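These notes concern the structure reproduced below.
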Amino acid sequence: MSNNQVIQNSGLFRVGDRVQLTGPKGRMNTISLQAGLTFHTHRGILAHDDIIGQPDGSVVTNNVGVEHLALRPLLVDFVMSMPRGAAIIYPKDAAQILAQADIFPGATVVEAGVGSGALSLWLLRAIGPAGRLASFERREEFADVARDNIATFLGNDPENWTITLGDLAETLPETLPAQSVDRVVLDMLAPWECLGSVSDALKPGGVLLCYVATVTQLSRVAEAIRGTGLYTNPDSSETMIRGWHVEGLAVRPDHRMIGHTGFLITARRLAPDTILPELKRRPSKTDFSDADVEAWTPGALGERNVSAKVMRKRVRIAGTSADLSKARDLDAG
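Below, the structure is given as structure tokens:
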């Protein structure tokens, strides 16, 4: 992976940089710097040339005297504002994924699906240049947006990252050898359909983490994991964040919070021919049959699709940003 990943977010602003502009009322806009262009708001015009060459964290003034704070976006800022093919994994969930799946430098990680590339960026940062990230995506337009978003933020195409188009259950065995993967992160509608290929690819002790949106998905994937007999008992959780307003003695919780976005469920791969000791539990009144579980089919889970017109626009925007970011590093060299 290029050293650009380390140095690009420091130093003076240059052509191709992404810059987050914060106005006097806290409104934020993110732009890609280009020589000769201008940024327009209803409160005046700000020339890109007035930002280029300034240090990170500068205050710049537009043509009518309105001040804007200019900062390079943090990764958390970038993923919330980048073009999207599919819905992104929120930073609060990405942080928990890195922790609960124990993503470490040098790890070999499988990710499916890639969506808009938000989680891929967090995973690439965590595994470092010695690790490998193998992403799988069914839809080519989503893969295109993800590639461009990652190139935009990093300024290059990471050498230790690949995207494979197709169904994970079919393409994973063709891409990675058995028992060669440290961690698997599944963000898909029906992760239980891929458990066979995932179980073969994971090393003993490796971690499987699934991100699902609904309780029906959560229940079905948990029972599917148990049903394989190849994993520890799965653990499930969700994360909610509530901000606080702190100004002098006015200290109170914010009126809004980031509530439910999805569930995380994790389990670890057992060694071959290992039988997990049965947990001692009280008798349950919530018995269910295979037919009950099968009733929760993927088609009933309500997948939302982006229209073709909107998707084409997002691909175009992401591609333009990626080209500018790559050109910046070429010019610097």
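In numbering that gives the first Met the number 0, the protein residues as written are 0 to 332.
We put the CB at the ideal spot given by N, CA and C, even for glycine.
As the structure is a computational prediction, the values presented were derived from the model and not from experiment.
Close-in-space but distant-in-sequence residues of the same chain around G35 (CB under 8 Å, 5 per side omitted): Closer than 8 Å at the Cβ level, and outside the excluded window around G35, lie H47 and D48.
Where I274 falls, given that 16 or more other Cβ within 10 Å makes a residue buried: Residue burial annotation: I274 is exposed, with fewer than 16 other C-beta atoms found within 10 angstroms of its C-beta.
Reduced DSSP secondary structure (H/G/I, E/B, other) of A249: In the structure shown, A249 adopts extended strand secondary structure according to DSSP, grouped into three states.
Nearest-angstrom beta carbon gap, I96 and L118 [assumed within contact, 8 Å]: Yes, L118 and I96 are in contact; Cβ-Cβ is about 7 Å, under 8 Å.
From M256, A189 and W160, residue whose alpha carbon lies closest to that of L167: Closest option to L167, Cα to Cα, is A189.
Buried versus exposed, by CB contacts within 10 Å (16 or more), G64: Exposed is the call here.
M81 - DSSP class collapsed to helix/strand/coil: DSSP places M81 in coil when its eight states are reduced to three.
F141 beta carbon less than 8 Å from that of V211: By the CB criterion at 8 Å, V211 and F141 fall outside the cutoff.
6 Å Cβ shell around T231 - same chain, five flanking residues per side excluded: Result list for T231: A266 and R267, in chain order.
Nearest-angstrom Cβ-Cβ length linking N148 and S115, presumed shorter than 8 Å: The beta carbons of N148 and S115 sit about 6 Å from each other, so the pair counts as a contact at 8 Å.
Endpoints, alpha helix (DSSP H) assigned at S218: Where S218 is concerned, the enclosing alpha helix (DSSP H) stretches over V214 to T227.
Spatial distance of D186 from V18 (CA atoms): Computed Cα separation, rounded: 30 Å.
Nearest residue (CA-CA) to A98, options A133, L207, G25 and L164: Closest by C-alpha distance to A98, out of A133, L207, G25 and L164, is L207.
Span separating the alpha-carbon of A249 from that of W243: A direct Cα-Cα distance of roughly 10 Å separates A249 from W243.
Assigned secondary structure, M256 (DSSP; H/G/I helix, E/B strand, else coil): In this structure, M256 counts as strand in the three-state DSSP scheme.
Contained beta strand (DSSP E) runs [length at least 3] in the stretch 26–50, N- to C-terminal order: As far as the stretch 26–50 is concerned, its whole beta strand (DSSP E) runs of at least 3 residues are 27–31, 37–40 and 43–46.
Where S179 sits in the DSSP three-state scheme: Secondary structure of S179 (DSSP, three-state): coil.
Sheet register partners of Q19 (DSSP bridge): Q19 pairs with T29 and L70.
Status (buried if at least 16 other CB within 10 Å, exposed otherwise) for R241: Exposed, because fewer than 16 other Cβ atoms sit within 10 Å of the Cβ of R241.
Under the three-state DSSP convention, the category K333 falls into: Given that the chain is displayed from residue 0 to residue 332, the structure contains no residue 333 and the question cannot be resolved.
Simplified DSSP state of I162, which is helix, strand or coil: I162 falls in the strand class under three-state DSSP.
Coarse secondary structure for I240, derived from DSSP in three states: Correct three-state label for I240: strand.
8 Å Cβ shell around D101 - same chain, five flanking residues per side excluded: For D101, the CB contacts under 8 Å within the same chain, skipping 5 residues up- and downstream, are R182 and V206 in chain order.
G247, buried or exposed, once every other Cβ within 10 Å from all chains shown has been counted against 16: With fewer than 16 other Cβ atoms from the protein chains shown falling within 10 Å of its own Cβ, G247 counts as exposed.
I88 - containing beta strand (DSSP E), residue span: Element bounds for I88: n/a, residue is neither H nor E.
Terminal residues of the alpha helix (DSSP H) in which S196 lies: According to the DSSP assignment, S196 belongs to the alpha helix (DSSP H) that extends over L194 to A200.
Residue(s) in a DSSP beta bridge with E136: DSSP output for E136 lists L164 as bridge partner(s).
Residues near D143 by beta carbon distance below 7 Å, same chain, minus five either side: Hits under 7 Å: V314.
Whole-number beta carbon distance between W191 and M223, since they are thought to touch under 8 Å: Checking the displayed sequence, the identity of residue 223 turns out to be Ala instead of Met. Cβ atoms of A223 and W191 come within 8 Å of each other, at about 4 Å.
Status (buried if at least 16 other CB within 10 Å, exposed otherwise) for S324: By the neighbour-count definition (other C-beta atoms within 10 Å, threshold 16), S324 is a buried residue.
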